[in-house]
Structures are given as structure tokens and as C-alpha cells.
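Numbering (my numbering), first residue to last: 49 to 357.
Built from N, CA and C at the ideal position, the CB exists for glycine as well.
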């Protein structure tokens, strides 16, 4: 029976398909990154060839890439069925079947700066920078409605029963209903947030905390979205440019444009827990579903790295 016990242990470590242990894979010119909900596939933008690659996080094997020129960032839906690639220069969102890696739709949007998918995967929300709008896309029918939100949207997040849109020009976050109708706003710290500077936001699934990253001041603000109360101000890496939150909202990660470390934030305690060394300036990061590791692209090394927490 010894062989059976060994087999069970080996499968416990490997049969989930999620990455285990530190490793890196060669990937050409990697940039933005999105991770499948089960953690088995990293979708990576090839900045040089204008394609999106699907990389197995256990083996590093790649599936046939799909053309998505000038892609700035990626978002995957919660079921892992669809991938959304947006390009500001092309003025379009490309919808990709995550299993076949085939383009299924292209949606024209004026200056798309961010994409979010509703928790139930019923809608996608595309923030348009120049237009000051959010395009609400019904993912079943493909119908799209454009909703005005205010000047200079820089990020969009769908959490709980609302959609949150960062508005850099007014130092506010617009709060929308699922169909894109404005229902309120969250006021950001007027003495802190740099007016007009692109703001990155994250919201916990229960909508109890909103995080706002100001790259110019290198500060992260924790705010109660119901009252706009500033709960905490945390330092961030110089030139911090990316803010990611774990699926359960317990942790957030802040990445700098030149730093090789990733700051890990305990959202409930409102403190920085630790700094995770990566060894490169990452182009994109994501936490694995089991919260044991981070997946990151390293453009300068042509690699995707997996680092245990």
C-alpha cells in the first residue's frame, strides 16, 4: 500500500493543475497578465508580436496564440470561459474564447482604459477615457449601451452589486448600478490624490473597503465606500502603477514601475504585511486561487515567474 500513499501525495501536489513551488518559463516579450480562475493557465500579452499567449502554469507549455494587436491589458471572466483584451490605440475590446483561443467578437470603444466583468458574468464594463463614459456590454446578446460617468475615467471595478469607476479629474469614484446607472459616488482624499492623475482602484467583494492607488504620490488609500471615510493611508513603491486584489478581498498587491518587489497588503488590518522579492520589474501579476503563489511577467527577462508567498 506504500505505492498508493505515495501516489495520493503526489496527486495532492500536482493533480489540481495549480502551480507549486518557485519556477519560471520562457515567454516572448511578456507584458500584461490574466490568470484563469482555476490557476492552470496564464494569459500573457506578447508586446512584440501583438498576440495573446496561453501558458500552462504547471508545465510552461503554450497553446496556439491569438492575434490581438496593441493589447494594453487583459481581463478573464469568473467562469474562465472568456478573455477580454483591450487596446487604447485600436479603440477596441477583443473577446476571446479562453478554451479555443479564438476571437469571438470585437467591440469598438473610444479610448478604452479598463475592463471589468460582473461577478455573475452577465455584463462587461469598459471605461472610455476620452469619452468620459462606461460601455455596458450584455455578454449574452452582445448589446452595448454607453453611459456617461464623468471626466477622465481611469479604472473600473465590478464588485458586489455595484460598478465603481475612478474619475481622476474630480477625485471621485462613481458608483453605478449593474446596468450602468449612477447611484452615488465615493469621494477620494482631496488633499492627497493628485488631480487628473490616473487612479487605480480595487473593491472587496462585500464592498466594505475600496482601495485607491495614487502613482504620483506613491500612496495607497483605504476608504469606506459607503461613507467616503479615509480608513488608512499606506506608502507604495515609487511610481507604483498596478493594484491587484485577491479574489476573496483579503489581500492586495501593489507593483511599482521600476521596483523588483511586490508589496502585499492585509486589507482588513489595513497594513502592509510583507514585501515579496521577484527579481524583475513585473509587467503584470496575479495571485493563484489557493493564495499560495503569485504569477508575474518579467518583460526584461522574457519570462513568466511563479513565486510562492
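With 16 or more neighbouring CB atoms inside 10 Å of its own CB, residue 87 falls in the buried class.
A direct Cα-to-Cα measurement between residue 289 and residue 161 gives close to 14 Å.
One thing to note: residue 230 has its Cβ within 9 Å of the Cβ of residue 197. Check the Cα spacing between residue 103 and each of 355, 345 and 356: the tightest is with 345. 9 Å or more divides the Cβ of residue 78 from the Cβ of residue 99. The closest CA to that of residue 239, considering only 205, 307 and 281, is found on 281. Within the DSSP bridge table, the entry for residue 73 names 352 as partners.
Within a 10 Å sphere around the beta-carbon of residue 348 sit fewer than 16 other beta-carbons, which makes this residue exposed. Bridge pairing for residue 312: 301 and 322 [DSSP].
Residue 114 is bridged by DSSP to 100. CA-CA distance, residue 121 to residue 133, rounds to 6 Å. The Cβ-Cβ distance between residue 70 and residue 323 does not fall below 9 Å. Within the same chain, Cβ atoms closer than 6 Å to the Cβ of residue 354 are found at 67, 71, 341 and 343, the five residues on either side in sequence being excluded. Contact check for residue 203 and residue 175: beta-carbon distance about 7 Å, within the 8 Å limit, so the pair qualifies. Annotated three-state conformation of residue 263 is coil, per DSSP.
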